[in-house]
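**Student:** First the structure, then my questions, so here it is.
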Amino acid sequence: MSQDENTALAALGALLGYVGAEAATTAPFEHLLWPQRHLSNFSLRDAPAVALLMPMGGPFHKAALETFDIFHRHGLLFASSRRGHMLGTAFFTEIGWTYNVHEAGKMPEIKETRNCLWAPALGLLPVPEINDGKSPEKRAEQGEKKPKPAVRARISVSHLTFSRPTPGDKASSEIPLVREDTRAPSLRIITALVVAESSAIIVAAVVVAVWRTSWALLWLAPLFLRLVSAVFAVHREPLSAPGPDPDPGPSHDYQVHCPRSNGDFMVFTGPPAVVLQFMRHYAHPVRSRARETLQLLVVIALGAVFPLGLVASALFMPLPLQYVWFGYQMFLVVGLHVARYSRRVAAVSTHAAIADALAGSGAILFGHRRNDPETIRVDLAVTYHDRHAEGRLAVERLLNRHKGPEKDLLAPSRSNSEILAKAV
Numbered sequence: 006m007s008q009d010e011n012t013a014l015a016a017l018g019a020l021l022g023y024v025g026a027e028a029a030t031t032a033p034f035e036h037l038l039w040p041q042r043h044l045s046n047f048s049l050r051d052a053p054a055v056a057l058l059m060p061m062g063g064p065f066h067k068a069a070l071e072t073f074d075i076f077h078r079h080g081l082l083f084a085s086s087r088r089g090h091m092l093g094t095a096f097f098t099e100i101g102w103t104y105n106v107h108e109a110g111k112m113p114e115i116k117e118t119r120n121c122l123w124a125p126a127l128g129l130l131p132v133p134e135i136n137d138g139k140s141p142e143k144r145a146e147q148g149e150k151k152p153k154p155a156v157r158a159r160i161s162v163s164h165l166t167f168s169r170p171t172p173g174d175k176a177s178s179e180i181p182l183v184r185e186d187t188r189a190p191s192l193r194i195i196t197a198l199v200v201a202e203s204s205a206i207i208v209a210a211v212v213v214a215v216w217r218t219s220w221a222l223l224w225l226a227p228l229f230l231r232l233v234s235a236v237f238a239v240h241r242e243p244l245s246a247p248g249p250d251p252d253p254g255p256s257h258d259y260q261v262h263c264p265r266s267n268g269d270f271m272v273f274t275g276p277p278a279v280v281l282q283f284m285r286h287y288a289h290p291v292r293s294r295a296r297e298t299l300q301l302l303v304v305i306a307l308g309a310v311f312p313l314g315l316v317a318s319a320l321f322m323p324l325p326l327q328y329v330w331f332g333y334q335m336f337l338v339v340g341l342h343v344a345r346y347s348r349r350v351a352a353v354s355t356h357a358a359i360a361d362a363l364a365g366s367g368a369i370l371f372g373h374r375r376n377d378p379e380t381i382r383v384d385l386a387v388t389y390h391d392r393h394a395e396g397r398l399a400v401e402r403l404l405n406r407h408k409g410p411e412k413d414l415l416a417p418s419r420s421n422s423e424i425l426a427k428a429v
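So for the sequence shown, my numbering puts the first residue at 6; every next one is plus one.
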């Protein structure tokens, strides 16, 4: 009977691996190779979601292979030092959006946003439910004969203004600082990794307590690999330091073209030296063949955890441990399906930290430390509209605001302060 159970569990494990591999995406490997970006906003309130949705002991073999396919296409596998292109790989993903600069007397030129930090952050801003509180009967009483147009899609128009902060800005406690490490990950990130693998730690402790076996190391392997990857994470290019001239130059408008599936509008305003670094080199990996090779080996090892575990459980594990391994993999596969569509995974990223801070105060400082010369100030003005055409009109008014008399650029939307207050 035990042999039949062994065979059945092995077959079910293989089926579970197929189902889980189809649900797994390459996003966990992007988070693995860039913990400074994707785990920097971790807090204790995020611990349950991180523990349930972000372990990496499951069937990631297909996602690891897809990640390696991209490395190979970009020439990162067998090239010599500093060869190959990082942009578009799990080291430095490309969001695929475009932008153009609006300058007087020049035709707009469409360019790639590359890995622009701010566009995904704006996509995480909370969207308030706005209702004027008027029922059809009340509208009739007030003489409003024309019915209120139906809301087809709530469209946001986000305007970010970038500048160098004043000494008063840096000293003000009302302007929060959002920081992002570009070198070694912080203790917060290490804690997030331990929490992410907390389910594996618990199972390993039970296995040791009940069976007194070294098979517990199989559950702890992903944690060890992720900690090694974090400790030797690839460093990133920091913010640009200001030049000797304290004046950063004139500001330009940069219109970001969101994909149609997103439907929102974004405009960045600021000096080219401040804004364009986010469209070009900011956070690009600092090339180090030793660190890159180690990260590639970690990706291979994490991709091999499930296949090796399946073989080991079928051939060598005692039957009770096979049930434990299979049950844990079922838990991980369910988590993979939920994480595929959940926004809770993004809640621990720098993007979410920016969105939370901007929604709360409307202005932030961004940099490594508050008083660093590279630190910048970012202000947000955002409005919401009930139609795509209304949003497009608001953007046109915003971009043409210097060509004519001052107008209410955000009409017919609610005021920005009212919207932010309701969104928080």
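In this text, a Cβ means the ideal position worked out from N, Cα and C, and glycines have one as well.
The structure displayed is predicted, hence computed values, not measured ones.
Could you check whether the stretch 227-234 touches the stretch 188-208, counting it as contact only if at least three pairs of C-beta atoms, one from each stretch, sit closer than 8 Å?
**Tutor:** Yes: at least three Cβ pairs fall under 8 Å.
**Student:** Within 10 Å of its beta-carbon, does L20 have 16 or more other beta-carbons around it, so buried, or fewer, so exposed?
**Tutor:** Here the question's residue 20 lines up with position 15 in the sequence shown. Counting Cβ neighbours within 10 Å, L20 comes out exposed, since fewer than 16 surround it.
**Student:** Would you check if there are 3 or more beta carbon pairs closer than 8 Å linking the stretch 296-306 to the stretch 241-260?
**Tutor:** As far as the Cβ criterion goes, the stretch 296-306 does not touch the stretch 241-260, which means the pair count is below three.
**Student:** Have a look at S7 and L324 and give me their C-alpha separation to the nearest angstrom.
**Tutor:** Here residue 7 is taken as the residue at index 2 of the sequence shown, counted from 1. Here residue 324 is taken as the residue at index 319 of the sequence shown, counted from 1. Roughly 7 Å separates the two Cα atoms.
**Student:** Assign P40 to one of three DSSP states: helix, strand, or coil.
**Tutor:** Residue mapping note: residue 40 aligns to position 35 of the sequence shown, counting from 1. Of the three classes helix, strand and coil, the one that applies to P40 here is helix, per DSSP.
**Student:** State buried or exposed for V383, treating a residue as buried only when at least 16 other CB atoms are found within 10 Å of its CB.
**Tutor:** Locating residue 383 in the sequence shown gives position 378, where the first residue counts as 1. Buried: at least 16 other Cβ atoms inside 10 Å.
**Student:** Given L326, which residues of its chain have a CB within under 8 Å of its CB, disregarding the five upstream and five downstream residues?
**Tutor:** On the sequence shown, position 321 is the one that residue 326 refers to. These residues qualify, in order along the chain: V212, W216, T218, W220 and S318.
**Student:** In the DSSP assignment, find the beta strand (DSSP E) that holds I369 and state where it starts and stops.
**Tutor:** Position 364 of the sequence shown, counted from the first residue, corresponds to residue 369. Segment A368 to G372, the beta strand (DSSP E) holding I369.
**Student:** Quick check: the stretch 58-72 against the stretch 34-49, are there 3 or more CB pairs under 8 Å?
**Tutor:** Because the criterion of three Cβ pairs below 8 Å is met, the stretch 58-72 and the stretch 34-49 touch.
**Student:** Can you check the stretch 270-329 for any beta strand (DSSP E) of at least 3 residues that lies completely inside it and give the ranges in chain order?
**Tutor:** Taking only runs of at least 3 residues, the beta strand (DSSP E) segments lying wholly in the stretch 270-329 are 270-275.
**Student:** Mind checking I207: buried by the 16 CB within 10 Å criterion, or exposed?
**Tutor:** Working through the sequence shown from its first residue, we reach residue 207 at position 202. Per the 10 Å Cβ criterion, exposed.
**Student:** Output yes or no for whether 7 Å exceeds the beta carbon distance between H356 and A126.
**Tutor:** Translated into positions along the sequence shown, residue 356 becomes position 351. Translated into positions along the sequence shown, residue 126 becomes position 121. Against a cut-off of 7 Å, the Cβ pair of A126 and H356 comes out as a contact.
**Student:** Consult DSSP for A197 and reduce its assignment to one of helix, strand or coil.
**Tutor:** If you number the sequence shown from 1, residue 197 lands on position 192. Three-state result, A197: helix.
**Student:** Can you tell me whether M6 is helix, strand or coil according to DSSP?
**Tutor:** Start at 1 with the first residue of the sequence shown, and residue 6 comes out as number 1. Confidence at M6 is low in this model, with a pLDDT of 45, below 50, so its placement is unreliable and no value can be given for it.
**Student:** Pick from R392, I381 and A360: whose alpha carbon is nearest that of P131?
**Tutor:** Here residue 131 refers to the residue found at position 126 of the sequence shown. Considering only alpha carbons, the answer is A360.
**Student:** Is the stretch 84-95 close to the stretch 366-380, with three or more CB pairs under 8 Å?
**Tutor:** Verdict: no, contact absent.
**Student:** Assuming G25 contacts V338 (C-beta within less than 8 Å), just tell me the rounded distance between them.
**Tutor:** Along the sequence shown, read from residue 1 onward, the residue named residue 25 stands at position 20. Along the sequence shown, read from residue 1 onward, the residue named residue 338 stands at position 333. So it is a contact: roughly 4 Å between Cβ atoms.
**Student:** Quick one: Cα of P247 to Cα of V239, how far?
**Tutor:** The residue you call residue 247 lines up with position 242 of the sequence shown. The residue you call residue 239 lines up with position 234 of the sequence shown. Approximately 25 Å, taken between the alpha carbons.
**Student:** Per DSSP, which one or two residues make a beta bridge with R241?
**Tutor:** Position 236 of the sequence shown, counted from the start, is the residue given in the question as residue 241. Bridge partners of R241: P290.
**Student:** CB-CB under 7 Å to S422, same chain, minus the five flanking residues each way: which ones, in chain order?
**Tutor:** By one-based count along the sequence shown, residue 422 stands at place 417. Reliability fails at S422, whose pLDDT of 40 lies under 50, so the model's placement of it is uncertain and the value that follows must be treated cautiously. Hits under 7 Å: none found.
**Student:** Return the Cβ separation of A226 and P60 in integer angstroms, given the expectation that the two are a contact with Cβ distance under 8 Å.
**Tutor:** In the sequence shown, counting from the first residue as 1, residue 226 sits at position 221. In the sequence shown, counting from the first residue as 1, residue 60 sits at position 55. Their Cβ separation, rounded to whole angstroms, is 12 Å, which puts A226 and P60 out of contact at 8 Å.
**Student:** Please work out which residues of its chain come closer than 8 Å, Cβ to Cβ, to H257, disregarding the five sequence neighbours upstream and downstream, and give them in chain order.
**Tutor:** In the sequence shown, the residue the question calls residue 257 occupies position 252. Here the set comprises V106, H107, E108, T274, G275, P276, P277 and V280.
**Student:** If we count the other Cβ atoms within 10 Å of its Cβ and call it buried at 16 or more, is D9 buried or exposed?
**Tutor:** Indexing the sequence shown from 1 puts residue 9 at position 4. Counting Cβ neighbours within 10 Å, D9 comes out exposed, since fewer than 16 surround it.
**Student:** Roughly how many angstroms lie between the CA atoms of V387 and N267, to the nearest whole one?
**Tutor:** In the sequence shown, the residue the question calls residue 387 occupies position 382. In the sequence shown, the residue the question calls residue 267 occupies position 262. C-alpha separation (whole angstroms): 16 Å.
**Student:** Are L81 and Q300 close, meaning C-beta to C-beta below 7 Å?
**Tutor:** Numbered from 1 along the sequence shown, position 76 holds the residue referred to as residue 81. Numbered from 1 along the sequence shown, position 295 holds the residue referred to as residue 300. Not in contact: L81 and Q300 (Cβ atoms no closer than 7 Å).
**Student:** If you run the structure through DSSP and keep just helix, strand and coil, what is T98?
**Tutor:** One-based indexing of the sequence shown puts residue 98 at position 93. If DSSP states are grouped into helix, strand and coil, T98 belongs with coil.
**Student:** Buried or exposed: which applies to M322, given that a residue is buried once 16 or more other Cβ atoms fall within 10 Å of its Cβ?
**Tutor:** On the sequence shown, residue 322 is found 317 positions in, with the first residue counted as 1. When all chains shown are included, M322 counts as buried.
**Student:** Measure the alpha-carbon distance for Y204 versus V310 and round it to whole angstroms.
**Tutor:** As a working mapping, residue 204 is identified with position 199 in the sequence shown. As a working mapping, residue 310 is identified with position 305 in the sequence shown. The sequence as given places Ser at residue 204; Tyr does not occur at that position. Their Cα atoms are separated by approximately 16 Å.
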